[in-house]
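Colleague:
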Amino acid sequence: AVAAAMRLGAVLSALRPALPLLLGLSLGCSLSLLRASWSHGPAEERCLAPGPPALPAREAPPEAAEGRPVPGHEDFRPRIVPYYRDPNKPYKKVLRTRYIQTELGFHERLFVAVLTSKATLNTLAVAVNKTVAHHFPRLLYFTGLRSAKVPHGMVLVAHGDERPIWLMYETMNYIHQHFGSDYDWFYIMQDDTYAQAEQVKALVTHLSINQDVYLGRAEEFIGGDEQARYCHGGFGYLLSRSLLLKLHPHLDSCRNEILSVRSDEWLGRCIIDFLGITCVSQLQGQHYHTYELAKNTEPEKEEEEKFQAALAVHPVSDMTLMYRLHKQFSRIQLDRVYQEIQDLQMQIRNLTALTPAGEAGVTWPVGINAPFLPKSRFEVISWDYFTEQHLFSCPDGSPKCELSGASKADVSEIIESAMEQLNRLYQPLLRFSKRQLLNGYRRFDPTRGMEYTLDLLLEAATQKGHSHVLAKRVSLVRPLSKVEIIPMPYVTEATRVQLVLPLTVQDLDFVANFLDMFAMNTLDTHDNALLTLLFIYHPYDAQRVGQVDVFAGVKAMVGELEKRYAEVKIPWISVKTEVPSQVKLMDIVSKKHPVDTLFFLASVWTEINMEFLNRCRMNTISNWQVFFPVHFQEFNPALVYRGEQTASSSTDFLRDGHFDRHSFAEACFYNSDYMTARTKLAADILDRDEVLESMEVFDVFLRYSGLHLFRAVEPGLVQKYTLRSCNPRLSEELYHRCVLSNLEGLASRSHLAMALFEQEQANST
Numbered sequence: 035a036v037a038a039a040m041r042l043g044a045v046l047s048a049l050r051p052a053l054p055l056l057l058g059l060s061l062g063c064s065l066s067l068l069r070a071s072w073s074h075g076p077a078e079e080r081c082l083a084p085g086p087p088a089l090p091a092r093e094a095p096p097e098a099a100e101g102r103p104v105p106g107h108e109d110f111r112p113r114i115v116p117y118y119r120d121p122n123k124p125y126k127k128v129l130r131t132r133y134i135q136t137e138l139g140f141h142e143r144l145f146v147a148v149l150t151s152k153a154t155l156n157t158l159a160v161a162v163n164k165t166v167a168h169h170f171p172r173l174l175y176f177t178g179l180r181s182a183k184v185p186h187g188m189v190l191v192a193h194g195d196e197r198p199i200w201l202m203y204e205t206m207n208y209i210h211q212h213f214g215s216d217y218d219w220f221y222i223m224q225d226d227t228y229a230q231a232e233q234v235k236a237l238v239t240h241l242s243i244n245q246d247v248y249l250g251r252a253e254e255f256i257g258g259d260e261q262a263r264y265c266h267g268g269f270g271y272l273l274s275r276s277l278l279l280k281l282h283p284h285l286d287s288c289r290n291e292i293l294s295v296r297s298d299e300w301l302g303r304c305i306i307d308f309l310g311i312t313c314v315s316q317l318q319g320q321h322y323h324t325y326e327l328a329k330n331t332e333p334e335k336e337e338e339e340k341f342q343a344a345l346a347v348h349p350v351s352d353m354t355l356m357y358r359l360h361k362q363f364s365r366i367q368l369d370r371v372y373q374e375i376q377d378l379q380m381q382i383r384n385l386t387a388l389t390p391a392g393e394a395g396v397t398w399p400v401g402i403n404a405p406f407l408p409k410s411r412f413e414v415i416s417w418d419y420f421t422e423q424h425l426f427s428c429p430d431g432s433p434k435c436e437l438s439g440a441s442k443a444d445v446s447e448i449i450e451s452a453m454e455q456l457n458r459l460y461q462p463l464l465r466f467s468k469r470q471l472l473n474g475y476r477r478f479d480p481t482r483g484m485e486y487t488l489d490l491l492l493e494a495a496t497q498k499g500h501s502h503v504l505a506k507r508v509s510l511v512r513p514l515s516k517v518e519i520i521p522m523p524y525v526t527e528a529t530r531v532q533l534v535l536p537l538t539v540q541d542l543d544f545v546a547n548f549l550d551m552f553a554m555n556t557l558d559t560h561d562n563a564l565l566t567l568l569f570i571y572h573p574y575d576a577q578r579v580g581q582v583d584v585f586a587g588v589k590a591m592v593g594e595l596e597k598r599y600a601e602v603k604i605p606w607i608s609v610k611t612e613v614p615s616q617v618k619l620m621d622i623v624s625k626k627h628p629v630d631t632l633f634f635l636a637s638v639w640t641e642i643n644m645e646f647l648n649r650c651r652m653n654t655i656s657n658w659q660v661f662f663p664v665h666f667q668e669f670n671p672a673l674v675y676r677g678e679q680t681a682s683s684s685t686d687f688l689r690d691g692h693f694d695r696h697s698f699a700e701a702c703f704y705n706s707d708y709m710t711a712r713t714k715l716a717a718d719i720l721d722r723d724e725v726l727e728s729m730e731v732f733d734v735f736l737r738y739s740g741l742h743l744f745r746a747v748e749p750g751l752v753q754k755y756t757l758r759s760c761n762p763r764l765s766e767e768l769y770h771r772c773v774l775s776n777l778e779g780l781a782s783r784s785h786l787a788m789a790l791f792e793q794e795q796a797n798s799t
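Numbering (this note's numbering), first residue to last: 35 to 799.
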């Protein structure tokens, strides 16, 4: 027994290290068995859906085993459908739509139709156009007049028959034919109706477009069915697209079978008889509130809640009443917005107090983004100093200039707003009046807007007539408001680009690289781009061109390109001048090309690529916009790398350099736009051609065209470092700009500081 006990103890001591493993395996197996029994349960307790019994696992069809879906048991797995084209059928090119929303089938939200007449076209209809028309996305006026004279700024559709029923019939037909497939909602109103445009737009955003909607002020038919209702035309009514599509086939029958004096009753009876839909004043929780104006009503004195909540007001008897209603409802809407702002600010304060930052986390003004916090001294946004007469940060770089134009209006408005806020805050105890603006500071913070700090010399007057002069500092913010998308004409990437390359003797060392990049990125890729070379001869070189042609090497390279690409011709133009004025050179090129030519004025250091050429096409719009890209200039590698290997990885792209804002050598514009601006310039300078030497193409468009000048950084234009030669015969401004471009293109401040430090270290040793 003792021996057996000893043997058992030896076995247990040997198994002791494995006990945790054995216990874990046992516990895991037990839990797995329990979980399986709970999840499946006995066979007779399983819940089976109605239908054919499921197959046992071992009897599963081979399609399921192979991963193919079984009929009736699709698991909705994605499948790749191979493309197959019948070789017997001719290939047809797929035409893509111009806009993606057309291809996806998106519709515009709301279309508005205003019914007017001969008596009210130049009065009430004009008032509607001046008050609410610009708030609706699309608004048209419909009348029965023949060859009516259209007031300025209005789109009028004349049907030629003033009978009310005929006008309504033709209007519904016209809306269906021209806009039935483009809009989800159609709002019909009369010109003696004032509609709150923003409220109507908000209403349609809360309604489902899948229902047949006939929404307005429901009225009973005279002597008709008690259940049937039509929408009163004086208060406007809303029709859905689905209802309009269903109604259109029955309009002819309604015109022939339904007799009525009022057009709104006729339309309501047509919808009821053929579609079985009656007018309602509320739908899907949304109410169509209206207000009927009494005679001699004073809109400024109307304080009823029903008036303030109205979407439409009727009848409006004259233009003055329409403008007074618009003013009153605008004031009501503005008060609501201010109240909403105060409520939101209070909620922000209450919630911020519960955050870890506490009340210190509340930014000023409440609800506006906090000021930008720079991470280094290079990111600090500087303040511009100004007074009521002068600005000390001028666009042309001068230290002081007169405050005028938009800047003067901005400063005046800010001072006026500051005085208004001070008096609102301290009245009736104190009344402030401005004596002088001591100091003014402003800066643009891209995260929140324009910030102002004003030091004002004020005279404060008490209720008892005592006055005191004091200085007070106030801070104001003009926040960034709602971003608007500016409509632009449609352009394509198929336009041919005509490159123009001016060359001087100093540029000969860089021509080979330019032509190689042009051939690789445009000729090899068959891009729709052509090249014209402009050889600028000095008078001395022009006299010796018969013996020694300084551009003979370039012409030889052009010949090689034309041999390599048989379909390509690269013409050149020779010019003799001592002062290569950009405007004079462009005058020569402009006369040799059609007016619809898209020019890209390049420099010899430009590396042409398809990405930039497409942006040149998209950013240049005939009779609308010209494009002046800001190229990226690489720094001097001798100063940046100081003997080390030059960075070539993609992560270092656009790092060791800067965007050269002093250079206007590259430009994209249409020949027609240049010729128009050049004609105005010629009329201004008369025969003083020396003025052209102080101008660039950018100056011509800036001063003598009403086009948009789009100037933006262009990462697709990267230029290697080179020290450009600045012609001293040019104007002082152009020469100074060239020198600045060379100096700022040497290296960054940190690289220059390191170079100076190393030089001092070498000199000290």
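Where is the CB? At the ideal position from N, CA and C, for every residue including glycine. Treat the numbers as computed from the prediction; the structure is a model and nothing was measured.
What does the Cβ neighbour count give for Arg737, buried or exposed, with the cut at 16 atoms within 10 Å?
Modeller: Here the question's residue 737 lines up with position 703 in the sequence shown. By the 10 Å Cβ count, Arg737 comes out exposed.
Colleague: Looking only at its own chain, which residues have a Cβ that is under 8 Å from the Cβ of Ala443, when we skip the five neighbours before and after it?
Modeller: The count along the sequence shown starts at 1 and reaches residue 443 at position 409. Nothing listed; no residue qualifies.
Colleague: Fully enclosed by the stretch 247–319, which beta strand (DSSP E) runs are 3 residues long or longer?
Modeller: 248–250, 252–254, 263–265, 271–274
Colleague: The beta strand (DSSP E) with Gly574 in it runs from where to where?
Modeller: Taking the first residue of the sequence shown as 1, we reach residue 574 at position 540. At residue 574 the sequence reads Tyr, which differs from the Gly that was named. Element bounds for Tyr574: not the beta strand (DSSP E) but the alpha helix (DSSP H), 573–577.
Colleague: For Pro408, which three-state DSSP category applies?
Modeller: The residue you call residue 408 lines up with position 374 of the sequence shown. Coil, per DSSP.
Colleague: Take Pro536 as the anchor and find which of Asp298, Pro605, Leu285, Tyr574 has the nearest alpha-carbon.
Modeller: By one-based count along the sequence shown, residue 536 stands at place 502. Minimum Cα distance to Pro536 is reached at Pro605.
Colleague: Roughly how many angstroms lie between the CA atoms of His692 and Asn562, to the nearest whole one?
Modeller: On the sequence shown, residue 692 is found 658 positions in, with the first residue counted as 1. On the sequence shown, residue 562 is found 528 positions in, with the first residue counted as 1. Approximately 30 Å, taken between the alpha carbons.
Colleague: Look at the Cβ atom of Asn705, then the Cβ atom of Phe633, and state whether they are nearer than 8 Å.
Modeller: Residue 705 sits at position 671 when you count from the first residue of the sequence shown. Residue 633 sits at position 599 when you count from the first residue of the sequence shown. Yes, these two residues count as a Cβ contact at 8 Å.
Colleague: His186: which of Phe176, Gln667, Asn156, Lys610 sits nearest, CA to CA?
Modeller: In the sequence shown, the residue the question calls residue 186 occupies position 152. Comparing Cα positions, the closest option is Asn156.
Colleague: Measure the C-alpha to C-alpha separation of Ala26 and Glu727 and round it to an integer number of angstroms.
Modeller: Residue 26 is absent from the model: the chain starts at 35 and stops at 799.
Colleague: Around the C-beta of Phe703, are 16 or more other C-beta atoms found within 10 angstroms, so that it is buried, or is it exposed?
Modeller: Within the sequence shown, numbered from 1, the residue matching residue 703 stands at position 669. Buried.
Colleague: Between Gln581 and Ser759, which are expected to be in contact by the criterion C-beta below 8 Å, what is the C-beta distance as a whole number of angstroms?
Modeller: As a working mapping, residue 581 is identified with position 547 in the sequence shown. As a working mapping, residue 759 is identified with position 725 in the sequence shown. So it is not a contact: roughly 25 Å between Cβ atoms.
Colleague: Starting from Asn473, trace the alpha helix (DSSP H) both ways and give me its first and last residue.
Modeller: Walking along the sequence shown from the start, residue 473 turns up at place 439. Unbroken run through Asn473 is the beta strand (DSSP E), 464–479; no alpha helix (DSSP H).
Colleague: With H, G and I counted as helix, E and B as strand and the rest as coil, what does DSSP make of Ala495?
Modeller: Here residue 495 refers to the residue found at position 461 of the sequence shown. If DSSP states are grouped into helix, strand and coil, Ala495 belongs with the strands.
Colleague: Sort Thr566, Ala528, Asp583 by Cα distance to Tyr574 and report the nearest one.
Modeller: Walking along the sequence shown from the start, residue 574 turns up at place 540. Closest by alpha carbon: Asp583.
Colleague: Since Glu339 is in the alpha helix (DSSP H), which residue starts that stretch and which ends it?
Modeller: Here the question's residue 339 lines up with position 305 in the sequence shown. That run of the alpha helix (DSSP H) goes 339–342.
Colleague: What distance in whole Å lies between the Cβ atoms of Thr324 and Phe269, which are believed to be in contact at a cut-off of 8 Å?
Modeller: Start at 1 with the first residue of the sequence shown, and residue 269 comes out as number 235. Start at 1 with the first residue of the sequence shown, and residue 324 comes out as number 290. Right, the Cβ-Cβ distance comes to about 4 Å (below 8 Å), so this counts as a contact.
Colleague: Nearest CA to the CA of Leu647: which residue from Tyr755, Phe548, Lys610, Thr529?
Modeller: As a position in the sequence shown, residue 647 is number 613, starting the count at 1. The candidate whose alpha carbon is nearest that of Leu647 is Thr529.
Colleague: Does DSSP classify Ile604 as helix, strand or coil?
Modeller: Taking the first residue of the sequence shown as position 1, residue 604 is located at position 570. Coil.
Colleague: Between which two residues does the alpha helix (DSSP H) containing Trp200 stretch?
Modeller: Against the sequence shown, residue 200 aligns to sequence position 166. Here the alpha helix (DSSP H) through Trp200 covers 198–213.
Colleague: Under 8 Å: do the stretch 217–237 and the stretch 150–168 share three or more Cβ pairs, one atom per stretch?
Modeller: yes
Colleague: Would Pro513 be called buried (16 or more neighbouring beta carbons within 10 Å of its own) or exposed?
Modeller: Locating residue 513 in the sequence shown gives position 479, where the first residue counts as 1. Exposed is the call here.
Colleague: Is the stretch 427–435 in contact with the stretch 388–407, if contact means three or more CB pairs nearer than 8 Å?
Modeller: no
Colleague: With H, G and I counted as helix, E and B as strand and the rest as coil, what does DSSP make of Ser509?
Modeller: Here the question's residue 509 lines up with position 475 in the sequence shown. Strand.
Colleague: Within this structure, are the beta carbons of Phe420 and Gly474 separated by less than 8 Å?
Modeller: The sequence position of residue 420 within the sequence shown is 386, counting from 1. The sequence position of residue 474 within the sequence shown is 440, counting from 1. Yes. Within cutoff.
Colleague: Whose C-beta lies closer than 6 Å to the C-beta of Glu422 among residues of the same chain, with five residues either side of it excluded?
Modeller: Along the sequence shown, read from residue 1 onward, the residue named residue 422 stands at position 388. For Glu422, where only same-chain residues beyond five positions count, the Cβ hits under 6 Å are Leu471.
Colleague: Could you please give me the residues that DSSP links to Gln381 through a beta bridge?
Modeller: As a working mapping, residue 381 is identified with position 347 in the sequence shown. None, per the DSSP bridge assignment.
Colleague: Measuring CA to CA, which of Glu518, Leu491, Phe666 is closest to Val505?
Modeller: Numbered from 1 along the sequence shown, position 471 holds the residue referred to as residue 505. A small fix is needed here, since residue 505 is Ala in this sequence, not Val. That would be Leu491, whose Cα lies nearest to the Cα of Ala505.
Colleague: Taking contact to mean at least 3 C-beta pairs separated by less than 8 Å, is the stretch 187–198 in contact with the stretch 269–284?
Modeller: no
Colleague: Provide the residue span of the beta strand (DSSP E) that contains Pro663, from first to last.
Modeller: Residue 663 sits at position 629 when you count from the first residue of the sequence shown. 659–668 is the span of the beta strand (DSSP E), which, as asked, contains Pro663.
Colleague: In the DSSP assignment, the alpha helix (DSSP H) including Asp550 goes from what residue to what residue?
Modeller: In the sequence shown, counting from the first residue as 1, residue 550 sits at position 516. For Asp550, the uninterrupted alpha helix (DSSP H) segment begins and ends at 542–552.
Colleague: So, under 8 Å CB-CB, Met591 and Leu549 are touching, yes? Tell me the CB distance rounded to an integer number of Å.
Modeller: As a working note, residue 591 is residue 557 in the sequence shown. As a working note, residue 549 is residue 515 in the sequence shown. That pair is a contact at about 6 Å.
Colleague: Note down the Cα distance separating Asp558 from Met644, rounded to an integer number of angstroms.
Modeller: Taking the sequence shown and counting its residues from 1, one reaches residue 558 at position 524. Taking the sequence shown and counting its residues from 1, one reaches residue 644 at position 610. The straight-line gap from Cα to Cα measures roughly 11 Å.
Colleague: Per DSSP, Phe220 forms a beta bridge with which residues?
Modeller: Mapped onto the sequence shown, residue 220 falls at position 186. DSSP lists Phe145, Leu273 as partners of Phe220.
Colleague: What is the DSSP secondary structure of Thr597, reduced to helix, strand or coil?
Modeller: Looking up residue 597 in the sequence shown gives position 563. Here residue 597 is Lys; the residue named in the question, Thr, does not match the sequence. In the structure shown, Lys597 sits in a helix (DSSP, three-state: H, G or I).
Colleague: Would you mind sorting Asn163 into buried or exposed? The rule is 16 or more other CB atoms within 10 Å of its CB.
Modeller: Position 129 of the sequence shown, counted from the start, is the residue given in the question as residue 163. By the 16-neighbour rule on beta-carbons within 10 angstroms, Asn163 is buried.
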